[in-house]
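Participant: Residue numbers (this note's numbering), protein chains in the order written: chain A, 1 to 239; chain B, 1 to 105; chain C, 1 to 731; chain D, 1 to 260.
Just so it is clear, CB atoms sit at the ideal spot from N, CA and C, and this is done for glycine as well.
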């Protein structure tokens, strides 16, 4: 093991790259997307954000049009990036999907107790977790499923004024609604993810690993005990 | 009343027959050609602009009954009596009060 | 000129435009709900004057041209004759220019006639061929063996000039399929074809004129204006046209009975002495005969004929006379209705005479002086020619310069009195506008050579041996044209190309000029258009500059009343209520009414009438891409009750049949037409393979119309046909 | 002061010649089969057994003061231009979702079959920039359509309105007065054609269900994060957590983790 015996490899460089690539895309997409929702009643933040962004991008609806192009381009880049990653690191993708969708007994208990512990305190003992804890799994599931929904509806919206006939505008309308819903839900999860990963002191090593690729063995044993156990046993499929 | 109408119509018919006979002597189409060739060189350029619709049929008839009295008669030298008749037919048949008043060009 | 236009228009809109522009600029940064500053800029177009050619009105226009492409046609606000408007057809003029089906090169027929097999050839070959064919025909059949037909076009005068120089007397235009009966009647009554001064009129009877759809400038707009000012407009029409809908009063008159209505008006005006006695005594002749003639023609009598209540007729006669002389029976244009249309229109003229409205505001006024000079020439005379036109003496009062297309066609088919074997056609389309299409086809089959010069492949062009592409009116230079606008005076327009001629098109002037050289009479065309205009404007030295500046020139317009005390150009020098000329010719000197003949066949119980949409100029515009959106197909207007009897429902396809032919089209079941009458638009059911919007779409009205003509002047008579109607598939 | 562009229509002058419609199509390159403006024909009354006087009513987008279409637009491509009061569609920002089409009670909008985005009357901004009136106004034979800034008392439109005070009518959707800026003089017909604005179900779902749901979800999540942050700040940072040098015992002791 590198760099020292007390560090375990947790992420491939390609994992790290795709994570930050995804994060950057989402940031741009979220901000530009919110900037497109000019409608006061729909924009959870109100119309000031679109107004400010449009002014930044050239003013008026022309500024909005720049935002739309930006949103469309970055959206396509994001989708293409994800697909390329899945090709380059097919094993990692399989591992990731298998891990996040495999629930173990105790995951639910972990989730409830962890939430209590992080907020009001107490909550009792936490059941051991695998490569991902249940919180991470929940957010990863939301991201994958939400990402698929966002990507698919986004493609419909992209196609709307390019190839789709008037007879399927109902589909476009629903794509708008679903796009919004999926982003909203994923964003709700994202807030917790960002807190947990970047702000909460508890996950600092995990955060660091998104740059270095390794976590301290002690940290891993504490937080992802089942994973370390599997690693130690050399179980197939363990990373 | 009715009787007088009939009589009046008969009279007009008779007059018309006379005038038509007079006109029929000349060839109006040839007259048009001749008028353009022989008259237009002055009329419309240096003399008064003149075309069939400048006068009524009666006025043309009167003028051609005594062509010697026409101002420019001295310039008519090259016009034969037959040609004169054709020119008259043209001017008369397309006069101001004719069924097909015509300007000349 | 463009600066001039924009300055004028800018003043009109200055406040609005300035506010909007300044506000936009200032607020763009602050108010995000605005377009970005400068996002909407004025188009980089050049503005060029023109004159519309989508119908005969020739409204002044401004073409907006961007990088050599016409983007938009706008009305020329200085062209007051059309009250600053351009109608739907005018706006669609752009689509005529860029019609993908336009004739692009000279085309030589290589298949059978009408088969649609063509070979593109060069201009030299095409014009050599035309010249040699015309020479051959002249040699074999005399020069009168060529027929020349030209439509209502500014360059048609060159076709007439060419025909005369070539030596043929046989020239027809569209007029003998349209307006000659009315002209005949007014020439024979007033000695003139007057213009209506609608703008100052207080009472107008529109009988068989649909001015809100068959737009005539400025009359169509003025009728609306005067109604707003309190004038009354009465419409007589078997159809609820848009004119009927908008009129003060509409009567669904029985077709063919207008004369009864007019004679009853005369009856009331004379018996109640509502006419101006001084005017009638001094300026008209034949009042006594007329009074006797109409003595029995009471409103009650007319009610039985026309279906209009006697009380209404009586009231209208009194109202009309009370408004005189600012009152009129509108003379109308198209009068090619019945075999006695000249006499019908005579009755219109007679009522006008009784109103004393001649040369008075709101009445009928003589054509205003335009000041244009004719450009003289000396065509040769050919001694071997027959004595006259091929249709000469067929009817008593043929206009010698117009003739009669229907009779000419008949005589070509017969080959008598002499054979006529060649046809030069310019921008007129008898295959789609002359009644009885089969006869036109039969006539064409008798020809040895037929050449058509046109913009699009009309049905007539489709039949030709040689088709030559002409540019549209926006692509060519034209002579000066005088246009009449009622009492407001004549105006002059000309055209310069707003874009160069597209494809290989050549103006008919150039075609004829070349042919005149090939045929040995170049002196008839020893000028170009600028020189020709100079000669036309010889008496109007300032006109050319003003035309360049404004796109229109108004010659001095003397006030009305200028003809007071002057003789009328009639045999009696007065307005002939009683026509001496007709008496001379053995015609009825007063209009004698006869009830319209019933259908000779009980199975054919509907009279077919023609009419117009404001988006259609007969057969010349229906293939226009934009206009076809407004009139995508024609329908048969069928009264609701008649439809019920026939078992026809809205939109059903019906089969319409007459002795001339048959057609299939959708029924428009409507209360807007009398039970005894059906109507359809012209310009559909075409046969040309290059008219994709109309070929195979709807039915052709000329396929159904029988070949009839006005017994006095030879004008076609297109309302004399009865048709049978049945639902398609019904027994 | 901001301009307020409006159209004042003397519909009794209209002869239904379609010049305005053709001019609009030509000026704006409107696709075949769709129309930015129209002339409606009133069903003629039957008087004494025959058809009575007809009435034709020119129309187009009314550039409402409270436009329902703007609310239905998810991207802000449709907006009320504050500078001149017109309701604008930015074609670059429109994604062609079609929401705005049924949301207009006047049927003024359509989805352009070629460009696949929403379209409607624009009052011809390019022509106005060139100092010309909108194409339909310029070309009208009887000048039934009058256009201008009605906040400027010297404009033709304002003058016409002032001259007809008390006689001006508007065609308004009964269910939803969008404050249209199309004024008809005296009377106009037909007048009952404005329909109830309808949003597509997907849009209602978005605005009434999804948007609140997302707000709650994000709010809840935000609250949770705040609570965690609060606890973190209040209870204090655990010096042992997250530092890779710390031993596991401390973790266990202080954090209560039992990862083994």
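#1: Closest to residue 116(D) by CA distance: which of 188(A), 161(A), 31(A), 228(A) is it?
#2: Check each candidate in 509(C), 263(C), 183(C), 338(C) and name the one with the smallest Cα separation from residue 597(C).
#3: Give a yes or no on whether the C-beta atoms belonging to residue 169(C) and residue 388(C) are separated by under 7 Å.
#4: Could you name the residues of chain D that residue 252(C) contacts, counting a contact when the two beta carbons are closer than 9 Å?
#5: Under 8 Å Cβ-Cβ, which residues of chain A neighbour residue 94(D)?
#6: Per the contact definition of three or more C-beta pairs closer than 8 Å, is the stretch 163-175 of chain A in contact with the stretch 77-92 of chain A?
#7: Does the CB of residue 126(D) have a neighbour CB from chain C at under 7 Å?
#8: Return yes when the Cβ of residue 704(C) is within less than 7 Å of the Cβ of residue 663(C), no when it is not.
#9: Anyone know if the C-beta pair for residue 390(C) and residue 420(C) falls short of 7 Å?
#10: Just the chain A side, please: which residues come within less than 9 Å of residue 36(D) by C-beta, in chain order?
#11: Got a sec: is the Cβ-Cβ distance from residue 522(C) to anything in chain B below 7 Å?
#12: Helix, strand or coil for residue 724(C) per DSSP?
#13: Could you tell me whether the stretch 463-474 of chain C touches the stretch 101-114 of chain C, where touching means 3 or more Cβ pairs closer than 8 Å?
#14: In the DSSP assignment, the beta strand (DSSP E) including residue 607(C) goes from what residue to what residue?
#15: From this set, 289(C), 270(C), 132(C), which residue's C-alpha is nearest residue 299(C)'s C-alpha?
#16: Keeping to the same chain, check which residues put their C-beta closer than 6 Å to that of residue 63(D); ignore five residues upstream and five downstream.
#17: Would residue 26(C) be called buried (16 or more neighbouring beta carbons within 10 Å of its own) or exposed?
#18: Would you mind telling me which residues of chain D sit closer than 7 Å to residue 245(C), beta carbon to beta carbon, in chain order?
#19: Who are the Cβ neighbours of residue 640(C) in its own chain at under 6 Å, not counting the five residues just before and after it?
#20: Of all the alpha helix (DSSP H) runs that stay within the bounds of the stretch 151-198 of chain D, which reach a length of 4 or more residues?
#21: Measure the C-alpha to C-alpha separation of residue 61(C) and residue 275(C) and round it to an integer number of angstroms.
#22: Identify the continuous alpha helix (DSSP H) that holds residue 629(C) and give its terminal residues.
#23: Three or more C-beta pairs closer than 8 Å, one from the stretch 136-151 of chain C and one from the stretch 38-52 of chain C: is that the case here?
#24: Looking at chain D, is there any beta carbon in it that lies within less than 7 Å of the beta carbon of residue 132(A)?
#25: What do you reckon, are the CB atoms on residue 31(D) and residue 146(D) nearer than 7 Å?
#26: Any idea what DSSP makes of residue 37(C), helix, strand or coil?
#27: Would the stretch 52-62 of chain D count as touching the stretch 31-43 of chain D if we require 3 or more Cβ pairs under 8 Å?
#28: Write down every uninterrupted run of the beta strand (DSSP E) in the stretch 418-460 of chain C whose length is 3 residues or greater and which is fully enclosed by it, in chain order.
#29: Could you give the first and the last residue of the continuous alpha helix (DSSP H) run that contains residue 352(C)?
#30: Smallest Cα separation from residue 479(C): which of 171(C), 174(C), 158(C)?
#31: Does residue 68(A) pass the burial test, meaning 16 or more other C-beta atoms within 10 Å, or should it be called exposed?
#32: Does the structure place the stretch 114-134 of chain D close enough to the stretch 180-193 of chain A that three or more beta carbon pairs sit under 8 Å?
#33: Expressed to the nearest angstrom, what Euclidean distance is found between the alpha-carbon atoms of residue 168(D) and residue 72(D)?
#34: Only counting the same chain, and skipping five residues up and downstream in sequence, which positions put a Cβ closer than 8 Å to that of residue 110(B)?
#35: The stretch 205-229 of chain D: which residues have C-beta closer than 8 Å to a C-beta of chain A, in chain order?
#36: Could you check where the beta strand (DSSP E) with residue 7(D) kicks off and where it finishes?
Facilitator: According to the structure shown:
#1: Taking the fourth chain and counting its residues from 1, one reaches residue 116(D) at position 116. Taking only the C-alpha atoms, the option nearest residue 116(D) is 161(A).
#2: Mapped onto the third chain, residue 597(C) falls at position 597. For the residues 509(C), 263(C), 183(C), 338(C), the minimum Cα distance to residue 597(C) belongs to 338(C).
#3: For this step, residue 169(C) is matched to residue 169 along the third chain. For this step, residue 388(C) is matched to residue 388 along the third chain. Contact flag set, yes.
#4: Position 252 of the third chain, counted from the start, is the residue given in the question as residue 252(C). Here the neighbours are 50, 51.
#5: Numbered from 1 along the fourth chain, position 94 holds the residue referred to as residue 94(D). Residues of chain A passing the Cβ test: 161.
#6: no
#7: On the fourth chain, residue 126(D) is found 126 positions in, with the first residue counted as 1. At least one CB of chain C lies nearer than 7 Å to the CB of residue 126(D).
#8: Numbered from its first residue, the third chain carries residue 663(C) at position 663. Numbered from its first residue, the third chain carries residue 704(C) at position 704. It is a contact, given that the beta carbons lie within the stated cut-off.
#9: What you label residue 390(C) is simply residue 390 of the third chain in a count that begins at 1. What you label residue 420(C) is simply residue 420 of the third chain in a count that begins at 1. Yes, the Cβ-Cβ distance between residue 390(C) and residue 420(C) is below 7 Å.
#10: Indexing the fourth chain from 1 puts residue 36(D) at position 36. Those within 9 Å of residue 36(D) in chain A number zero; the least Cβ separation is about 16 Å.
#11: If you number the third chain from 1, residue 522(C) lands on position 522. No - not a single Cβ of chain B is within 7 Å of the one on residue 522(C).
#12: Numbered from 1 along the third chain, position 724 holds the residue referred to as residue 724(C). Residue state, collapsed to three classes: strand.
#13: yes
#14: Locating residue 607(C) in the third chain gives position 607, where the first residue counts as 1. Note, residue 607(C): beta strand (DSSP E), 606-609.
#15: Sequence index remark: in the third chain, residue 299(C) carries index 299 (1-based). Among 289(C), 270(C), 132(C), the Cα nearest to that of residue 299(C) is on 270(C).
#16: To locate residue 63(D), count along the fourth chain from 1; it is residue 63. 86, 87, 181.
#17: Position 26 of the third chain holds residue 26(C). Note that residue 26(C) scores 37 on pLDDT, short of 50, meaning its location in the model is unreliable and no value can be drawn from it.
#18: Sequence index remark: in the third chain, residue 245(C) carries index 245 (1-based). Going along chain D in sequence order, the residues near residue 245(C) (Cβ under 7 Å) are 44, 53, 54.
#19: Here residue 640(C) corresponds to residue number 640 of the third chain, with the count starting at 1. Cβ within range, chain order: 669, 671.
#20: 156-163
#21: For this step, residue 61(C) is matched to residue 61 along the third chain. For this step, residue 275(C) is matched to residue 275 along the third chain. Distance between the alpha carbons of residue 61(C) and residue 275(C) is about 43 Å.
#22: If you number the third chain from 1, residue 629(C) lands on position 629. Element bounds for residue 629(C): 627-630.
#23: Output reads no: the stretch 38-52 of chain C does not touch the stretch 136-151 of chain C.
#24: Locating residue 132(A) in the first chain gives position 132, counting from the first residue. No - not a single Cβ of chain D is within 7 Å of the one on residue 132(A).
#25: Position 31 of the fourth chain, counted from the first residue, corresponds to residue 31(D). Position 146 of the fourth chain, counted from the first residue, corresponds to residue 146(D). Their beta carbons are not under 7 Å apart, which means residue 31(D) does not touch residue 146(D) by this criterion.
#26: In the third chain, counting from the first residue as 1, residue 37(C) sits at position 37. Bear in mind that the predicted position of residue 37(C) carries a pLDDT of just 41, short of 50, making it unreliable; the figure below should be weighed with that in mind. Three-state DSSP puts residue 37(C) in coil, outside helix and strand.
#27: yes
#28: 422-426, 449-454
#29: What you label residue 352(C) is simply residue 352 of the third chain in a count that begins at 1. Its alpha helix (DSSP H) spans residues 341-355.
#30: The residue labelled residue 479(C) in the question sits at position 479 within the third chain. Nearest C-alpha to residue 479(C): 158(C).
#31: Locating residue 68(A) in the first chain gives position 68, counting from the first residue. Buried, because 16 or more other Cβ atoms sit within 10 Å of the Cβ of residue 68(A).
#32: no
#33: Along the fourth chain, one-based indexing puts residue 168(D) at 168. Along the fourth chain, one-based indexing puts residue 72(D) at 72. In a straight line, the C-alpha of residue 168(D) is about 29 Å away from that of residue 72(D).
#34: Residue 110(B) cannot be examined here, being either before or after the span of chain B that is shown, 1 to 105.
#35: 205, 206, 207, 210, 211, 213, 214, 215, 217, 218, 220, 221, 222, 224, 225, 227, 228, 229
#36: Position 7 of the fourth chain, counted from the first residue, corresponds to residue 7(D). Segment 5-9, the beta strand (DSSP E) holding residue 7(D).
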